[in-house]
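What follows is one structure encoded as structure tokens, with my remarks underneath.
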Amino acid sequence: MEYSLWIIATPFVLFLVLGLLGTKLKPNVAGIIGTLGMTLCTVLAYAIAYQYFFQIGKTGEEWTKIIPLNFEWLRFTKQLHIDLGILLDPISVMMLVVITTVSLMVHLYSLGYMKGETGFQRYYSLLSLFSFSMLGLVIATNIFQMYIFWELVGVSSYSLIGFYYTKPLAVAASKKAFIVTRFADLGFLIGILILSFYTKTFDFNLLTSDQAQLVTTSFAGGTFMGLSIAAWAMALIFMGGAGKSAMFPLHIWLPDAMEGPTPVSALIHAATMVVAGVYLVARLFPIYAFATPEVLEMIAFVGAFTALFAAVIAITQTDIKRVLAFSTISQIAYMMVALGVSKYGGHEGLGYMASMFHLFTHAFFKALLFLGAGSVIHAIHSNEVDEMGGLHKYMKVTSITFLIACLAIAGIWPFSGFFSKDEILAAAFHHQPIIFWTLWVVAGLTAFYMFRLYFCIFWNGEHKYDDHHKPHESPWPMALPLIILALFSVFTGFIPFADFVSSDNIPFSTHIDPVVAALSIVVALIGIGIAFVLYFKSSKKPAEMAQSLGIFYQAALHKFYIDEVWMWITQTVVFRHICEPIKWFDRHIVDGSMNGLAWITQKSSASVKGLQSGQVQFYAWIFVAGSILIAALALFL
Amino acid sequence: MDPIVNLIIFICVGVASLVLSFLAASSKSLLRSATYLLLVLICTAGFYLFLNYHFLAAVQISVYAGGVVMLFIFAIFLTSNKGDLLQKHETGKYVAGALTALGGIAVTAFALLKHHFIYGSNATIKGDQEINMKVIGETLMGTEKYQYLLPFEALSLLLLACIIGGILIARKR
Amino acid sequence: MEYYLIISTLMFFIGIYGFITRKNMIAILISLELILNAVEINFAVFNRYLFPGRFEGMFFTLFGIAITAAETAVALAIIINAYRTIGNIDIENLSKMKE
């Protein structure tokens, strides 16, 4: 399996080539090189997946972890060393497939979408960098390698959000994304350090093997503020994951990140990077399950709350991409919940499998939604839902694929979302009724706001467009990925996922729980029905509804003022009451003492420099007088 | 010689050397200064004679008085314009110099008078203690312990270097 | 013996005094000669009175005289050169090595 190295080497080489030589190449050439490179990656990923799942991955009944490559990268001391390597196990192979597929689609799509933009080559080199770091993240063999690529992902996401760096909004959004995730990563880093301090290792295999025995034994009994230290470490690590995966209250960066180019949103902020947090929790799942079940419980509740919260906001938003962004937050929260309610092993680990399954299917249909939205935006040159309507006539392909994605995310049989969402609901059903009913409501809301979007864009009566600015179907590089992803969205649900991915790597069988399935389909249909009534024809009803809901509607429209709360916390509390005194201290004490030193040196040198006159006689006098003085001292003392 | 006469002569030479050296160090005319120096050096030669270092006295007179002072006088002639006197420093410098000198004298004299020297075996000075030339020559050219061939050679090298250096520096460009 | 030493001490410090207070470089050099002369007297005196059987002090004096002569020659050469360059030989004007 040594060729698996190429899967991350290729994007890196592409990044270097396109980044360094990009300006020498014609934009189209650069784009085609990038796309071809990504194609190679995708082929490799499928080859690996085939080989892993059907030839060498299984020993007996269990999926084994294969490490085709591992070397010591930085050695600090005998115990502290950072390795780089490739770890193949079911979830990392699955992620390879997801990332390369979506990335390839986005590459292809961008050929059409980004055509004629300045910085086309830069765009492709950054896409390659992102793919490289994301692939590096999923195949990491140890938590520190993961952290390194984690940060790389953050950087490339930052530069892609700020791709239109002449737009102040985009720049602000990129900074916001970077700072918020960075803040969360601080927690991640501290968590890593605590964890590795006690266990003396970074390695995933050592950390998670034997029911995370290493962690449970090495932490033995230490507590801090009522929680065990292990729980603190794992909670901090989850904080890093929550930052990347936009869990409440660290979700604020994701909606703003929609300022980036739409394909980037599809790749990074829908399908791959934002699920890194889920992946992280899944990767460390045995530790959570055995060592710190209370943190897992917390994850479940945070996830459930975020899912509901984001879904409510998504209903009120009018920017097409923001609706999708909040929908993403909500769906990722779904995955988090699934992990949170899961237990280890066998059928108890249903949530774990469901989470990974949902991650897998969600990546495709959410990428499809984003790309479809991009296609619409490309046609209309606007993000606002109000300026769209009746597009079904003009954009058949986009309309149909968008509908498929909406059905998938709403969880209608036989689209992929139905299967994965159903597993999650089933897992929650067996675990926690409150969480289950929350998720159930969220499922209805999801169906509602997705179809609100769909009807608003493609139906909703007749919208007047300028004659010379008629919306048109997108060119084939954009339409083709839509079709491919639509196929994925339809059929991936039929994969017997539990045969491949499970919490203890031993396949088990799942069946659809009829009660749960019926409930979820019913609620989805209700959501769709309401959306149909309200939005299929343009009418005054939505406005009246909004009016009657009053304050609540306003609050949701303003995203429940979370941004304002953060602004207040940072501006007023942190800046004024913490930073100002520190600044004063820095200016007056730290700088002051340095300046004082400089001042003293200057003054003393100014007074001494008169001595360096070059007058030999003066020197001689000093010398003789000094000698006499010393002699006198030696004599009389 | 009669010790009393000896003492009188010594005191005369001593006092003369001191006065002359002071004049040499403070005279306003350079040429006079050089002349006083010459006289001081001759007085020193007198001290060497008192100490029965006849050879040393001869060297002192021939090298110092004959060579070095000649050089001085030539240099003075070459560098001074007609009739100019020496420039004076500001008074502070004189005071500083005088104070330093007096302080130094005080300290050294104190140490000197307080210290009790242990004299060598036959310390009294007699006429037959003259070191003869043969011994001097052998010591200067020998390689045994307490013989000085190596310093002698080093010195000759140094002198050569000085000659070349002097020529190089002073030659006209 | 102390008389010799007192005389040499006085001569030494007169030399120092001259060295500090004179302005003309040749005058400074003359003061320097006085200092060296005082030191050489000391060598000879110590040799004669404290170690009469040996010659070290005497030879030191001898070498000292030779070195003094050499040094004077070089110093005077420098002074003459300086005079040619800047037109007088006051020490205060010589604060730069290269003109």
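Residue numbers (numbering that gives the first Met the number 0), protein chains in the order written: chain A, 0 to 636; chain B, 0 to 172; chain C, 0 to 98. Here a beta-carbon is modelled for each residue, glycine too, at the ideal position from N, C-alpha and C.
1. Indicate whether A/Ala407 and A/Val340 have their beta-carbon atoms separated by less than 9 Å.
2. Please decide whether B/Gly91 counts as near chain A, where near means a Cβ-Cβ distance under 9 Å.
3. Would C/Ile27 count as contacting chain A if we go by Cβ distances under 9 Å?
4. Figure out for me which residue from A/Leu253, A/Leu283, A/Phe435 has the closest Cα to the Cα of A/Thr207.
5. Using the DSSP secondary-structure output, state which residues sit across from A/Leu87 in a beta bridge.
6. Buried or exposed: which applies to A/Val514, given that a residue is buried once 16 or more other Cβ atoms fall within 10 Å of its Cβ?
7. How close, in whole Å, do the beta carbons of A/Pro254 and A/Leu370 come, if the pair is a contact with beta carbons under 8 Å?
8. Name the DSSP bridge partner or partners of A/Asn141?
9. As a quick exercise: from B/Gly13, B/Ile75, B/Leu55, pick the residue whose alpha carbon is nearest that of B/Met173.
10. Below 8 Å, can you find three or more Cβ-Cβ pairs linking the region 362–376 of chain A to the region 342–352 of chain A?
11. Just the chain B side, please: which residues come within less than 8 Å of A/Leu634 by C-beta, in chain order?
12. Any beta carbon of chain C sitting closer than 9 Å to that of B/Leu148?
13. Please determine if the region 108–126 of chain A and the region 16–26 of chain A are in contact, where contact requires at least 3 C-beta pairs separated by less than 8 Å.
14. Just grab the DSSP bridge partners of A/His80 for me.
15. Once you ignore the five residues that flank A/Ile412 on each side, which residues in its own chain have a CB closer than 7 Å to its CB?
16. Does the region 71–80 of chain B touch the region 43–62 of chain B, meaning 3 or more C-beta pairs lie closer than 8 Å?
17. Assess contact between the region 28–36 of chain A and the region 78–95 of chain A, defined as three or more Cβ pairs (one per stretch) separated by less than 8 Å. Is contact present?
18. Taking the straight line between their C-alpha atoms, what separation do you get for B/Ile3 and B/Phe109?
19. Would you verify that the beta carbon of C/Val38 is, or is not, closer than 9 Å to some beta carbon of chain B?
20. Quick check: the region 154–161 of chain A against the region 232–241 of chain A, are at least 3 beta-carbon pairs closer than 8 Å?
21. Tell me which residue opens and which closes the alpha helix (DSSP H) that A/Cys640 is part of.
22. B/Cys11 versus chain C: which residues are under 8 Å apart at the beta carbon?
23. Name the two residues that bound the continuous alpha helix (DSSP H) containing A/Val398.
24. In whole angstroms, what separates the C-alpha of A/Pro260 from that of A/Phe177?
25. So is B/Ala23 in contact with chain A if we call contact Cβ pairs under 9 Å?
26. I want to verify the contact list: residues of chain B whose CB lies under 7 Å from the CB of A/Ala631, in sequence order.
27. Compare the C-beta of A/Ala605 with all C-beta atoms of chain C and state if any pair is closer than 9 Å.
28. With DSSP as the reference, please indicate the residues paired to A/Lys57 in a beta bridge.
29. Please decide whether C/Glu98 counts as near chain A, where near means a Cβ-Cβ distance under 9 Å.
30. Could you list which residues in chain A have their beta carbon closer than 9 Å to that of B/Ala95, in chain order?
31. Does chain B have any CB closer than 9 Å to the CB of C/Ile13?
32. For B/Leu187, return the contacting residues in chain C, with the cut-off set at a CB-CB distance below 7 Å.
33. Comparing the C-beta of B/Asn131 with each C-beta of chain C, is any distance below 9 Å?
34. For A/Asp318, which residues of its own chain have a beta-carbon under 6 Å away from its beta-carbon, when the five flanking residues on both sides are left out?
35. Going straight from the alpha carbon of C/Thr8 to that of C/Gly63, what length do you get?
36. Can you confirm whether C/Ile77, when its beta carbon is compared against all beta carbons of chain B, has any partner nearer than 9 Å?
According to the data block:
1. Within the first sequence, residue 407 of chain A is the residue found at index 408, counting from 1. Within the first sequence, residue 340 of chain A is the residue found at index 341, counting from 1. No, Cβ-Cβ distance for A/Ala407 and A/Val340 is not below 9 Å.
2. The residue you call residue 91 of chain B lines up with position 92 of the second sequence. It does not: the Cβ of B/Gly91 has no partner Cβ on chain A nearer than 9 Å.
3. The count along the third sequence starts at 1 and reaches residue 27 of chain C at position 28. So yes, C/Ile27 belongs to the interface.
4. On the first sequence, residue 207 of chain A is found 208 positions in, with the first residue counted as 1. Nearest of A/Leu253, A/Leu283, A/Phe435 to A/Thr207, Cα basis: A/Leu283.
5. For the purposes of this step, residue 87 of chain A is identified with residue 88 of the first sequence, where counting begins at 1. Answer is A/Ile65, bridged to A/Leu87.
6. Taking the first sequence and counting its residues from 1, the one referred to as residue 514 of chain A is at position 515. Exposed is the call here.
7. Position 255 of the first sequence, counted from the start, is the residue given in the question as residue 254 of chain A. Position 371 of the first sequence, counted from the start, is the residue given in the question as residue 370 of chain A. Going by Cβ atoms, the distance from A/Pro254 to A/Leu370 rounds to 18 Å, so no, they are not a contact pair.
8. Along the first sequence, one-based indexing puts residue 141 of chain A at 142. Bridge partners of A/Asn141: A/Asp202.
9. A query on residue 173 of chain B cannot be resolved here, the shown segment of chain B reaching from 0 to 172 and no further.
10. no
11. Your numbering for residue 634 of chain A matches position 635 in the first sequence. Residues of chain B passing the Cβ test: Val106, Phe109, Ala110.
12. In the second sequence, residue 148 of chain B corresponds to position 149, counting from 1. Judged by the 9 Å Cβ criterion, B/Leu148 is not in contact with chain C.
13. yes
14. For the purposes of this step, residue 80 of chain A is taken as residue 81 along the first sequence, with counting starting at 1. For A/His80, which the question treats as bridged, DSSP gives the partners A/Arg74.
15. Numbered from 1 along the first sequence, position 413 holds the residue referred to as residue 412 of chain A. Reading off the sequence, residue 412 of chain A comes out as Trp, not Ile. Excluding sequence neighbours, A/Trp412 sits near Ile520.
16. no
17. no
18. Counting from 1 along the second sequence, the entry for residue 3 of chain B is found at position 4. Counting from 1 along the second sequence, the entry for residue 109 of chain B is found at position 110. Going from the Cα of B/Ile3 to the Cα of B/Phe109 covers about 28 Å.
19. Locating residue 38 of chain C in the third sequence gives position 39, where the first residue counts as 1. No, C/Val38 does not count as interfacial toward chain B.
20. no
21. Outside the shown range of chain A, which is 0 to 636, sits residue 640 of chain A, and nothing can be said about it.
22. For the purposes of this step, residue 11 of chain B is taken as residue 12 along the second sequence, with counting starting at 1. None at all; the shortest Cβ gap to chain C is about 12 Å.
23. Translated into positions along the first sequence, residue 398 of chain A becomes position 399. At residue 398 of chain A the sequence reads Ser, which differs from the Val that was named. First-last of the alpha helix (DSSP H) with A/Ser398: 395–409.
24. Taking the first sequence and counting its residues from 1, the one referred to as residue 260 of chain A is at position 261. Taking the first sequence and counting its residues from 1, the one referred to as residue 177 of chain A is at position 178. Cα-Cα distance, rounded: 17 Å.
25. Residue 23 of chain B sits at position 24 when you count from the first residue of the second sequence. Closer than 9 Å: no.
26. By 1-based counting over the first sequence, the position of residue 631 of chain A is 632. Result: Val106.
27. Against the first sequence, residue 605 of chain A aligns to sequence position 606. For A/Ala605, the answer is no, since every Cβ of chain C falls outside 9 Å of its Cβ.
28. Taking the first sequence and counting its residues from 1, the one referred to as residue 57 of chain A is at position 58. A/Trp62.
29. For the purposes of this step, residue 98 of chain C is taken as residue 99 along the third sequence, with counting starting at 1. With a pLDDT of 46 at C/Glu98, under the threshold of 50, the modelled position of that residue is not reliable, and the figure given next carries that caveat. No, because no Cβ of chain A sits closer than 9 Å to the Cβ of C/Glu98.
30. The sequence position of residue 95 of chain B within the second sequence is 96, counting from 1. In chain order: Trp620, Ala624.
31. In the third sequence, residue 13 of chain C corresponds to position 14, counting from 1. Yes - at least one Cβ of chain B is within 9 Å of the one on C/Ile13.
32. Within the shown structure, residues of chain B are numbered from 0 to 172, placing residue 187 of chain B beyond reach of any answer.
33. Position 132 of the second sequence holds residue 131 of chain B. Closer than 9 Å: no.
34. On the first sequence, residue 318 of chain A is found 319 positions in, with the first residue counted as 1. Closer than 6 Å at Cβ, skipping near neighbours: Asn382.
35. As a position in the third sequence, residue 8 of chain C is number 9, starting the count at 1. As a position in the third sequence, residue 63 of chain C is number 64, starting the count at 1. Those two C-alpha atoms are separated by around 18 Å.
36. Taking the first residue of the third sequence as position 1, residue 77 of chain C is located at position 78. Chain B, which has a Cβ nearer than 9 Å to the Cβ of C/Ile77, makes this yes.
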